[in-house]
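Structure first, commentary second.
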Amino acid sequence: MRVHDSVAIIVYNTTRQKLIFVKQFRPAVYYAEVENEDCEGDIDVKKYPPSIGLTIELCAGIVDKDQSLVETARDEVFEECGYSVPLSMFQKVTSYRSGVGVAGSLQTLYYVEVTDSMKVSDGGGNAHEGEYIEVIEMDLQQAYSLIYDETAPRPPSLLVALMWFFQNKVSGKLFQKL
Numbered sequence: 001m002r003v004h005d006s007v008a009i010i011v012y013n014t015t016r017q018k019l020i021f022v023k024q025f026r027p028a029v030y031y032a033e034v035e036n037e038d039c040e041g042d043i044d045v046k047k048y049p050p051s052i053g054l055t056i057e058l059c060a061g062i063v064d065k066d067q068s069l070v071e072t073a074r075d076e077v078f079e080e081c082g083y084s085v086p087l088s089m090f091q092k093v094t095s096y097r098s099g100v101g102v103a104g105s106l107q108t109l110y111y112v113e114v115t116d117s118m119k120v121s122d123g124g125g126n127a128h129e130g131e132y133i134e135v136i137e138m139d140l141q142q143a144y145s146l147i148y149d150e151t152a153p154r155p156p157s158l159l160v161a162l163m164w165f166f167q168n169k170v171s172g173k174l175f176q177k178l
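Here you go:
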């Protein structure tokens, strides 16, 4: 199996003090929610609506071998979230293995602060690549609650990113209020 390394980006809008995430349909998550006996043949979408396959994720993308990691991160923030951000504003957080039970690909996590003035499009992904992404914004309280909300469909990389953000970017007094 060929694996693809990726980048993921914590996007924080300082103008509105909101974290920017993406919501998208993931077939594997959808099928995991469908009961085994209902997986044979056509799936009843009234019983299992497509919305059960939606996940809340960081802005992320597969690494383009013709670009640096940070260039890929910049392009993903533009394509998925609609912000035009200079490369110099990206801060590397860490790299880690994802999908270790299946793929073991390397994901590099970045942090970037954006402002409303950097917003140049609605984002939403690259339709030519089959991406249909909803951009969602959360205030800090909502985002913090997401860490421990086991009903929210979110990958481990989002949890790592949120924990890093709250430990490293949120001031002590504000953090205590959460």
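Residue numbers (full-length UniProt numbering): 1 to 178.
Ideal Cβ positions, reconstructed from N, Cα and C, are used throughout, including at glycine.
#1: Indicate whether the contact test is met: 3 or more Cβ pairs, each with one atom in the region 74-82 and one in the region 158-174, closer than 8 Å.
#2: So Ser-74 is in the beta strand (DSSP E); what residue range does that whole segment cover?
#3: Can the beta-carbon of Ser-88 be found closer than 8 Å to that of Ser-98?
#4: Compute the Euclidean distance between the alpha carbons of Val-114 and Pro-49, then round it to the nearest angstrom.
#5: When we look at the beta-carbon of Glu-129 and count the other beta-carbons within 10 Å, is it buried (16 or more) or exposed?
#6: In the DSSP assignment, what residue or residues form a beta bridge with Lys-92?
#7: Taking DSSP's pairing of strands, which residues face Arg-135 in a bridge?
#8: Mind the definition here: the region 53-69 touches the region 137-156 only if three or more C-beta pairs lie below 8 Å; say whether that holds.
#9: Are Leu-58 and Ser-157 closer than 8 Å when you measure CB to CB?
#10: Classify Lys-61 as helix, strand or coil using the three-state DSSP reduction.
#11: For Ile-133, which of Tyr-31, Val-85, Ala-60 has the nearest alpha-carbon?
#12: Return the chain-ordered list of same chain residues with a C-beta closer than 6 Å to the C-beta of Ile-10, the five sequence neighbours on each side being excluded.
#13: Return helix, strand or coil for Asn-13, following the three-state DSSP convention.
#14: Alpha carbon to alpha carbon, what distance is there between Leu-69 and Ile-62?
#15: Taking just the CA atoms, how far does Ile-136 sit from Gly-123?
#16: Residues in its own chain within less than 6 Å of Leu-19 by CB, not counting five upstream and five downstream?
#17: Rounded to a whole number of angstroms, what is the C-alpha to C-alpha distance between Met-118 and Gly-82?
#18: Going by the DSSP bridge assignment, what does Tyr-83 pair with across the sheet?
The short version:
#1: Remark: fewer than three beta-carbon pairs, one from each stretch, lie closer than 8 Å, so the region 74-82 and the region 158-174 are not flagged as touching.
#2: Here residue 74 corresponds to residue number 74 of the sequence shown, with the count starting at 1. As written in the sequence, residue 74 is Arg, which differs from the Ser given in the question. Looking at the DSSP string, Arg-74 is not in any beta strand (DSSP E); the run it does join, the alpha helix (DSSP H), is 69-76.
#3: Within the sequence shown, numbered from 1, the residue matching residue 88 stands at position 88. Within the sequence shown, numbered from 1, the residue matching residue 98 stands at position 98. No. Outside cutoff.
#4: As a first step, residue 114 must be located in the sequence shown, where it is residue number 114. As a first step, residue 49 must be located in the sequence shown, where it is residue number 49. For Val-114 and Pro-49, the distance between alpha carbons rounds to 34 Å.
#5: For the purposes of this step, residue 129 is taken as the residue at position 129 of the sequence shown. Exposed: under 16 other Cβ atoms inside 10 Å.
#6: For the purposes of this step, residue 92 is identified with residue 92 of the sequence shown, where counting begins at 1. Answer is Tyr-110.
#7: Taking the sequence shown and counting its residues from 1, one reaches residue 135 at position 135. The identity of residue 135 in the sequence shown is Val, whereas the question assumes Arg. Looking at the DSSP assignment, Val-135 forms a beta bridge with Val-22.
#8: By the criterion of at least three beta-carbon pairs nearer than 8 Å, the region 53-69 is in contact with the region 137-156.
#9: Position 58 of the sequence shown holds residue 58. Position 157 of the sequence shown holds residue 157. Cβ distance < 8 Å, so Leu-58 and Ser-157 count as in contact.
#10: Here residue 61 refers to the residue found at position 61 of the sequence shown. According to the sequence displayed, residue 61 carries Gly and not Lys. Residue state for Gly-61 is assigned as strand, using DSSP reduced to three classes.
#11: Position 133 of the sequence shown, counting from 1, holds the residue named residue 133. When only C-alpha atoms are compared, the closest one is Ala-60.
#12: Start at 1 with the first residue of the sequence shown, and residue 10 comes out as number 10. Only Tyr-111, Ala-161, Phe-165 meet the Cβ criterion.
#13: Position 13 of the sequence shown, counted from the first residue, corresponds to residue 13. Three-state result, Asn-13: strand.
#14: As a working note, residue 62 is residue 62 in the sequence shown. As a working note, residue 69 is residue 69 in the sequence shown. It is roughly 10 Å from the alpha-carbon of Ile-62 to the alpha-carbon of Leu-69.
#15: Residue numbering aside, residue 123 sits at position 123 when the sequence shown is read from its first letter. Residue numbering aside, residue 136 sits at position 136 when the sequence shown is read from its first letter. Their backbone Cα atoms lie some 11 Å apart in a straight line.
#16: Sequence index remark: in the sequence shown, residue 19 carries index 19 (1-based). Around Leu-19: Tyr-12, Met-138, Ala-143.
#17: As a first step, residue 118 must be located in the sequence shown, where it is residue number 118. As a first step, residue 82 must be located in the sequence shown, where it is residue number 82. Straight-line Cα distance between these residues: approximately 8 Å.
#18: Position 83 of the sequence shown, counted from the start, is the residue given in the question as residue 83. DSSP output for Tyr-83 lists Lys-119 as bridge partner(s).
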